[in-house]
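Here is the structure we will look at, set down as structure tokens.
Residue numbers (the UniProt record's numbering): 1 to 348.
In structure tokens:
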């Protein structure tokens with residue numbers, strides 16, 4: 001185990017063969033493999049996601065993130081000369097005003113106008129930010145979200161090079177609140193039928209919303225883990241979900257976060273409220289890595305994450321460093337599928 005007070009980014013590196021990075025979603029959704037790990041012992045069991053119910057108990061509560069991915073990648077042209085431009089909408093600043101990534105960036109100076117889908121949507125650059133992102137104002141008839149649904153493409157992570165045939169396969173079946181730049185991928189494994197059968201077996205399903213930002217894919221640049229600054233993301237936790245979590249805890253059930261985004265939401269709320277779960281909303285830049293003391297969750301369902309990422313650091317904080325690195329080595333040896341469209345890990 002490395003020195004907890006002096007963790008290095010390289011402590012979270014592992015060798016991953018390129019062919020283990022899943023390029024397409026598996027069918028049906030819950031046919032993916034699932035590595036089940038006992039949190040206390042590190043004991044590993046190999047199974048499939050459709051058998052998740054075997055490892056849950058009546059009275060347990062799964063907390064899912066119901067954020068919906070915006071089809072935020074659009075291709076267009078510069079209004080004055082027709083040259084190509086690509087926009088990726090990141091975060092809404094005000095009505096019709098968004099922070100965006102664009103390329104090639106040198107074409108997007110303040111005041112430049114762009115057209116998408118033959119003028120169905122137009123945009124003007126208002127500001128160039130320090131990090132190279134832009135602020136753009138959009139113009140269209142009717143709802144911007146409706147136009148993006150028609151002309152936009154899913155902002156798949158850079159390690160996925162295959163074209164996605166069905167946009168809905170990069171959405172969870174319970175997605176509802178539009179606002180994410182990437183999917184909360186642990187939830188992609190669930191089918192509606194599986195969720196229904198879990199509820200019939202006495203498993204509670206609670207919802208939170210955390211809009212996933214592109215910072216999820218930004219690499220950790222600092223060598224010392226503690227020096228990394230997390231991106232900020234908007235979250236909401238409702239009164240009904242707070243009541244459900246508190247009732248579950250009071251009755252001896254387990255609160256199991258589906259995904260690192262649900263985990264970060266619950267831990268953010270608990271950290272801000274002396275360990276209590278209360279209805280709240282706001283922005284969080286919580287960074288969870290080994291040494292963090294968990295206040296809200298008893299279990300975690302997640303995917304297999306990139307080497308040296310903040311997400312593998314979060315898993316290491318929950319499962320323990322040695323257990324996590326051993327599980328990842330085992331996943332490589334057993335040819336699990338990795339990342340967004342990959343297999344699942346359940347830590348219970």
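Every residue, glycine too, gets a C-beta built ideally from N, C-alpha and C.
Given a cut-off of 8 Å, decide if residue j and residue i are closer than it, judged by their beta-carbon atoms.
i: residue 93; j: residue 135; result: yes
i: residue 89; j: residue 70; result: yes
i: residue 264; j: residue 288; result: yes
i: residue 268; j: residue 286; result: yes
i: residue 172; j: residue 204; result: no
i: residue 23; j: residue 160; result: yes
i: residue 303; j: residue 186; result: yes
i: residue 300; j: residue 318; result: yes
i: residue 68; j: residue 177; result: yes
i: residue 320; j: residue 295; result: no
i: residue 153; j: residue 103; result: no
i: residue 107; j: residue 83; result: yes
i: residue 63; j: residue 243; result: no
i: residue 345; j: residue 1; result: no
i: residue 58; j: residue 202; result: yes
i: residue 9; j: residue 220; result: yes
i: residue 239; j: residue 283; result: no
i: residue 349; j: residue 325; result: Since the first residue shown for the chain is 1 and the last is 348, residue 349 is missing from the structure and cannot be characterised.
i: residue 114; j: residue 141; result: no
i: residue 151; j: residue 120; result: yes
i: residue 29; j: residue 231; result: no
Compute the Euclidean distance between the alpha carbons of residue i and residue j, then round it to the nearest angstrom.
i: residue 123; j: residue 98; result: 10 Å
i: residue 75; j: residue 262; result: 32 Å
i: residue 212; j: residue 180; result: 5 Å
i: residue 26; j: residue 170; result: 11 Å
i: residue 309; j: residue 31; result: 26 Å
i: residue 145; j: residue 208; result: 21 Å
i: residue 281; j: residue 236; result: 4 Å
i: residue 335; j: residue 156; result: 23 Å
i: residue 198; j: residue 206; result: 12 Å
i: residue 315; j: residue 245; result: 21 Å
i: residue 109; j: residue 37; result: 51 Å
i: residue 292; j: residue 131; result: 29 Å
i: residue 342; j: residue 80; result: 43 Å
i: residue 49; j: residue 339; result: 15 Å
i: residue 174; j: residue 61; result: 16 Å
i: residue 223; j: residue 45; result: 34 Å
i: residue 333; j: residue 347; result: 19 Å
i: residue 312; j: residue 137; result: 36 Å
i: residue 52; j: residue 11; result: 31 Å
i: residue 200; j: residue 277; result: 26 Å
i: residue 214; j: residue 5; result: 28 Å
i: residue 227; j: residue 290; result: 14 Å
i: residue 297; j: residue 158; result: 30 Å
i: residue 391; j: residue 241; result: Residue 391 lies beyond the residue range present for the chain, which begins at 1 and ends at 348; the question has no answer from this structure.
i: residue 66; j: residue 166; result: 19 Å
i: residue 331; j: residue 272; result: 35 Å
i: residue 20; j: residue 329; result: 13 Å
i: residue 327; j: residue 33; result: 14 Å
With DSSP collapsed to three states, give me the class of residue i.
i: residue 245; result: helix
i: residue 18; result: helix
i: residue 264; result: helix
i: residue 24; result: coil
i: residue 411; result: Beyond the ends of the chain as shown, which are 1 and 348, falls residue 411; an answer cannot be given.
i: residue 222; result: coil
i: residue 317; result: helix
i: residue 73; result: strand
i: residue 182; result: coil
i: residue 200; result: helix
i: residue 195; result: helix
i: residue 341; result: coil
i: residue 257; result: strand
i: residue 322; result: helix
i: residue 312; result: helix
i: residue 3; result: coil
i: residue 291; result: coil
i: residue 215; result: helix
i: residue 252; result: coil
i: residue 328; result: helix
Identify every residue that forms a DSSP beta bridge with residue i.
i: residue 270; result: None; residue 270 has no bridge partner.
i: residue 209; result: 236
i: residue 86; result: 75 and 103
i: residue 94; result: 97
i: residue 64; result: 207
i: residue 346; result: 36 and 301
i: residue 280; result: 237
i: residue 8; result: 224
i: residue 177; result: 67
Can you find a CB in chain D that lies within less than 8 Å of the CB of residue i?
i: residue 161; result: The structure shown has no chain D; it contains just one protein chain.
Exercise. Which runs of the alpha helix (DSSP H) fall wholly inside the segment 111 to 174 and span at least 4 residues, in chain order?
Worked result: 144 to 151
Exercise. Counting only runs that start and end within the segment 28 to 57, where is the alpha helix (DSSP H) found for 4 or more residues in a row?
Worked result: none
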